[in-house]
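Using the working numbering, read the sequence shown as starting at 7 and increasing by one per residue.
C-beta atoms are modelled at their ideal positions from N, C-alpha and C, and glycine is treated no differently.
Below is one structure, written out as structure tokens, with a few remarks after it.
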Amino acid sequence: MKKLLFFSFLFVSCHNFSQEALTPLQKSEYKKLTTHSELVQFIKEADDRSDLIKAEVLTKSPEGKELYVVYFSKDEFGKDKSKIKVLIFAQQHGDEQSGKEGSLLLINELLKPENQYLFDKIDFALVPQMNPDGSERDERRNGNGMDLNRNHLILTEPEVIGLHKLFNKYLFEVTMDVHEYWPFGESSKKFGYRKNYDETIGAMTNINISEKLRKISYDSYLPFIFNYISKNGYSVFHYLPGGSSGSGYQRYSTFDINDGRQSFGIQNTLSFIQEGLNGENDSTDNIEHRAKGQITGMIGLLKFSYDNKDEIKKLVSAEREKLEENKVDGQVAIQLNHFSDGTELKLELVSYSTGNDTVVTVKDFRSVVKSLYDVERPKGYLIPKSLKTLIDWADRHELKYFDYKKSADDKIEQYFITGIDSIDFEGDMVVNPGLMNTDITNQINQSDYIFIPVNQLRNNMIVIALEPKSQLGLAAYKQFGDLLKSGTNYPILRVAD
Ligand SMILES: [Zn+2]
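Written out as structure tokens, the structure reads:
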């Protein structure tokens, strides 16, 4: 009897120990999604049970819910400069639950002794849930009704501001944004086939981003991760938004810099997006498989960063230096489009009627991004001190700027807006002003302006944001729509030398 009690005590304590390490989703046997308060509890407990990790509140959502960042480091995070810094953030879209659930499983996975070797070379930061407001309602947008993954340029939402502050603090060399895609819509049903990949992976497409970094992404990372994910039992392919079924034209992805991947990519970061397959009927459908597919891709990214640490660090540092010294070759592309180079795309799809896989050849595959309009890279821009919305924007981005003191060789140019035309970009009408350029070097009162130099990490971003003809610029957003008025001077001035 005594012996039996002893054993049952052992059993209970082991049981408790393993319970402690289960994520809320695992505790529910993969039937119930993790709520925000369960997530907070789990992260705090994980912080308590391991010296490897440290949790911190990053910011709060519009509805007052904390966003957490979980740091994994064998030292003080960011202190050992020989390490590579990797950032993964998930669930910017609240109805894409597997990124969050996968992130919590990832915490347990990385605490296993066999995975801790990764942190000999990596300092890793994980934001498991970017959008707690949306998550609680299983909706895409945050509490302000905003799409966080279109907010990385105007940076108005606290969640996105918090993420960029984190990035600016540590200047991660590698970042990945984790999402889900939903290929079950009416157009797919009509077409008869849909995409069925467990994971899709996208690299950077904006051609202002370092060509060397884009090359390493396509030539090294994608082959590696496709192999790694499929070896682990999940299907994987390129991230190809634009017609979920293969019926319309296909392209790698937008070149806009307002999303999580490209807003860090434009600062010459090795930056990716990973999209898992969402649930067909609701967000808990097949959630175990979906969450485990997501962590497979996340661990793959960490392994790639570990294996290629020195090469990546060297390349990122050299390519960032060019931005910071304003020594980038070539002009800045501010109007772009997707083109086909004749490559046919073989797309594996699943049939709605038979459930069988089939291969569809997509003839209209626009895999190449080209510039339609370039501008010379200036020395910087002058912003009138009276334009508080723009100064606030520069502050949210933590841009370097000064009170303007004119140098002898500064040439100051002003744009006059002769008319406002628009160009049709994939059904979106994009503002395209007609401009007349005037030299006003000797006509301004310099104390009225601040000067934003482009010799900083966000060099390309500043030009793309502030040029009036930029298809991806601030003037394209309603919050900044006042900048462009036909028959007036554009208030932001260009400084060339
Ligand atoms: Zn998404």
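C-beta contact flag for Trp499 and Gln420 at 8 Å: In the sequence under discussion, the amino acid at residue 499 is Leu, which differs from the Trp named in the question. Yes, the pair counts as a contact, with Cβ atoms nearer than the cut-off.
Contacting residues, own chain, Cβ-Cβ under 7 Å from Gly1 (five flanking each side not counted): Lying outside 7 to 503, the shown extent of the chain, residue 1 is not represented and no answer is given.
With a threshold of 16 other CB atoms inside 10 Å of the CB of Leu321, please say whether the residue is buried or exposed. buried
State the CB to CB distance for the pair Met304 and Gly108, rounded to an integer number of angstroms; the pair is presumed to be in contact (CB under 8 Å). Taking C-beta atoms under 8 Å as the contact rule, Met304 and Gly108 qualify, at a distance of about 7 Å.
Using 8 Å for Cβ pairs, my map puts Ile167 next to Leu159. What's the rounded Cβ distance? Incorrect: roughly 12 Å between the Cβ atoms, too far for contact.
From the DSSP output, in three-state form, read off His185 for me. Note: His185 maps to strand in three-state DSSP.
What first and last residue would you give for the alpha helix (DSSP H) that runs through Ile470? Run containing Ile470: 465-472, per the alpha helix (DSSP H) assignment.
For Pro390 and Ile470, I'd like the C-alpha separation in whole angstroms. Between Pro390 and Ile470, the C-alpha separation is close to 19 Å.
Going by C-alpha to C-alpha distance, which of Leu378, Pro459, Asp265 sits closest to Glu330? Pro459
Nearest by alpha-carbon distance to Gly198: which of Asp204, Pro189, Thr206, Glu205 is it? Pro189
Quick one: residues in its chain with C-beta nearer than 6 Å to the C-beta of Thr572, no 5 flanking neighbours on either side, listed in chain order? With the chain covering only 7 through 503, there is no way to say anything about residue 572.
For Asp457, the residue or residues it bridges with in DSSP: For the sequence presented, residue 457 should be read as Phe rather than Asp. Beta-bridge pairing links Phe457 to Leu388, Phe408.
Please confirm whether any heavy atom of ligand 1 lies closer than 7 Å to the CB of Gln98. yes
Spatial distance of Gly151 from Gly239 (CA atoms): 37 Å
May I have a chain-ordered list of the alpha helix (DSSP H) segments no shorter than 4 residues that lie completely inside the stretch 62-137? 103-117
Would you call the stretch 380-390 and the stretch 284-294 touching, i.e. three or more CB-CB distances under 8 Å? no
Pairing CB atoms from the stretch 89-106 with CB atoms from the stretch 292-311, are three or more of them under 8 Å? yes
Mind pulling the beta strand (DSSP E) runs of 3 or more residues that sit fully within the stretch 288-345? 338-345
Would you mind sorting Tyr123 into buried or exposed? The rule is 16 or more other CB atoms within 10 Å of its CB. exposed
Buried or exposed for Leu219, going by 16 or more other Cβ atoms inside 10 Å? buried
Roughly how far, in whole angstroms, is the beta-carbon of Asp53 from the beta-carbon of Lys60, given that I think they are within contact range, below 8 Å? With a Cβ gap of about 6 Å, Asp53 and Lys60 count as contacting.
Tell me the residue span of the beta strand (DSSP E) that contains Ala400. Premise fails: Ala400 lies in the alpha helix (DSSP H), 394-402, not in any beta strand (DSSP E).
In DSSP terms, what Ser428 is bridged to: Val437
Would you identify the three-state DSSP class for Ala502, choosing helix, strand or coil? strand
Pull up the distance between the alpha-carbon of Lys33 and that of Glu51, whole angstroms please. The C-alpha of Lys33 lies about 15 Å from the C-alpha of Glu51.
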